[in-house]
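For the sequence shown, counting from 1, position 296 maps to 278 in this note's numbering; every step adds exactly one.
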Amino acid sequence: MATRPDTIKVAPAGAAILGIVTLSHFVNDSFTAMLTPVLPEIQATYGISIARTAVLVAILAFVGSMLQPFTGLIGDRFGRRLLAALGPVLAAVGMTMMGYAPSFAALGLLIALAGIGSAIFHPSGAAYVAMGSRANQRGLFAALFSGGGTVGLAAGPLAATALGIHSLPYLMPIGFAVGLASYMITPDSAATGATRRPAEYLELWRGPIRTLWATGVLRSLSTVSYQGLLGFVLTARGQAQHIGPSLAVFSVASALGGIAGGRLSDRIGRTVVLRSSILITIPLFIALVYSRPEQWWYYPLMAVVGAVVNANLPVAVVAAQEYAPRHVATASALMMGFTWGTA
C-alpha cells in the first residue's frame, strides 16, 4: 500500500496532534449536539411550530453531513490547517447565538453556519489523525478521535439543558480557544508536488471504498433507526424511565467499542474486524429488539450491541484512508458524515 508522504514529517508530534484534534472533535460535537434539547425554548422564543423546529434539525444534519466530501476535497487540495481550526469556531458561534437571532431565517443561517463548521472540521481532523499516527497506531488513534466526538455528543445536551438558550454565549470562547490552539499545534498540510486531477477524486468510488461506504450507510441506518424508535417503543410499553439510561449505556459502550475495535484492527487487520463486527451485530441486534428493561440481560446486551456496532466505525475510516493515501480527508468524509447523512 502506498506510503503517505506527510507521515514521516509529523509522526513525532503525533500525540500532540491527536490530543488537539480530539479535543476539537469533543468541542465541535458538543456544540452541534446542543440544538435538540433547546428546541422547546426555540419554539417558545420565536413562536414557531414544531414542524419549523424540525426544519432547523434538518438544516444542521444536511449541512453538517452532506457537505463533508466537498470540504474534504478542499482540504486535500488546498490544505487542512485552517479548516480544522475554523470548525469549532463556526460551530460555537452558530449554536451559542441561537437565542439572539432577529428572525427565524437568521436563526436558520446561524444553524447552517454551525453545520458548515462541523462539515469543514471532521474530514480535516480525521486526516490529521492519520498523518500523525504510525502504521501500528492508526486504528487506535482514529478510535480515540471518534471517541472524543461521541463524548461531545453526550456532553453538549447536558450543558445546553443546564444553561438554557440565552446563556449559551458564555460558552463561545471555548470554541475560539480550541480553534486557536488547533491552528498553533497542527502543521501546515498544504499539498506539495503535482497538482491532483479532479478525476482522481471520482476514482475514490471505485473498488473497496465504495463497499466500505455502503456498509457504513447500513450501519448508520440501523443505529439511527434503533435510537430514534427506542423512545417510542419504551414509552408505549410504559417504561419511559428507561429511555435515558438505555441511550447512555449505548453511547458509552459505542465509544469504548470504537477504541477496542480500532486497537484490535492494528493487531489482526482491518478486514477481520470489519467483517466480524458486521456478522456479530446482526443476531445481537435482533435479540436486543425483543428484550425488555426488566430482563437482567437487557442493559448488558445493550452495552455489547453498542460496542460491537461501533467497533468498525474508526476501522472503516482508517481502511478508507489507507486505500486513498493521497486523499485522506476526502476518504474520511465519505466514511463519516456522508454515511450518516445518506442514512
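Glycine residues also receive a C-beta, built at the ideal position from the N, C-alpha and C atoms.
Query	Result
Spatially closest choice to Ser164 from Pro282, Thr143 and Arg62, by CA coordinates	Arg62
Contact under 8 Å by Cβ, Gly46 with Thr18	no
Cβ-based burial, Phe232 [other Cβ within 10 Å; buried from 16]	buried
C-alpha distance - Pro(-13) paired with Gly29, whole-angstrom precision	Per-residue confidence for Pro(-13) stands at a pLDDT of 40, beneath the threshold of 50, marking its modelled position as unreliable; the derived number appears in the next sentence. Between Pro(-13) and Gly29, the C-alpha separation is close to 54 Å.
Segment limits, alpha helix (DSSP H) that includes Ala315	Val310 to Met317
Status (buried if at least 16 other CB within 10 Å, exposed otherwise) for Met77	buried
Environment of Val3 [buried if 16+ CB atoms lie within 10 Å]	buried
Straight-line Cα distance separating Pro105 from Pro70	13 Å
Own chain residues within Cβ distance below 6 Å of Asp58, not counting five before or after	His309, Ala311 and Thr312
Glu23 in three-state terms, based on DSSP	helix
Boundaries of the alpha helix (DSSP H) in which His100 is found, first to last residue	The amino acid occupying residue 100 in the given sequence is Ser; His does not appear at that position. Counting along the chain, the alpha helix (DSSP H) containing Ser100 begins and ends at Phe86 to Gly114.
Contacting residues, own chain, Cβ-Cβ under 8 Å from Gly239 (five flanking each side not counted)	Gly288, Ala289, Val290, Val291, Asn292 and Ala293
Own chain, CB closer than 6 Å to Ala315, minus 5 neighbours either side, in chain order	Gln50, Pro51, Gly54 and Pro105
Collapsed DSSP secondary structure at Trp195 in the structure displayed	helix
Whole runs of the alpha helix (DSSP H) within the stretch 252 to 291, excluding any shorter than 4 residues	252 to 271
Where Trp278 falls, given that 16 or more other Cβ within 10 Å makes a residue buried	exposed
For Ser31 and Gly244, the rounded distance between their alpha carbons	43 Å
Inter-stretch contact (C-beta, 8 Å, three-pair minimum) for the stretch 119 to 129 and the stretch 296 to 305	yes
Outcome for Phe60 when other beta-carbon atoms lying within 10 angstroms are tallied against a minimum of 16	exposed
Proximity below 8 Å, CB of Val228 to CB of Leu203	Note that residue 228 is Ser in the sequence shown here, rather than Val. The answer is no: Cβ separation not under 8 Å.
Span separating the alpha-carbon of Asp326 from that of Gly161	Here the chain has residues from -17 to 325 only, and residue 326 is not among them.
Residue burial classification, Phe8 (beta-carbon count within 10 angstroms, cutoff 16)	buried
Cβ-Cβ distance between Gly90 and Ala73 below 8 Å	no
Candidates Ser258, Pro275 and Ala159, of which the one nearest Gly220 by Cα	Pro275
Whole-angstrom distance between Ala96 and Ala43, CA atom to CA atom	10 Å
Pair within 8 Å by beta-carbon distance, Leu295 and Phe127	no
Coil, strand or helix - Gly220 by DSSP	coil
Span separating the alpha-carbon of Gly114 from that of Leu68	20 Å
Residue nearest to Gly198 in terms of C-alpha spacing, selected from Ile102, Ala137 and Val300	Val300
Span separating the alpha-carbon of Thr321 from that of Glu23	30 Å
Thr78 (DSSP reduced to helix, strand or coil)	helix
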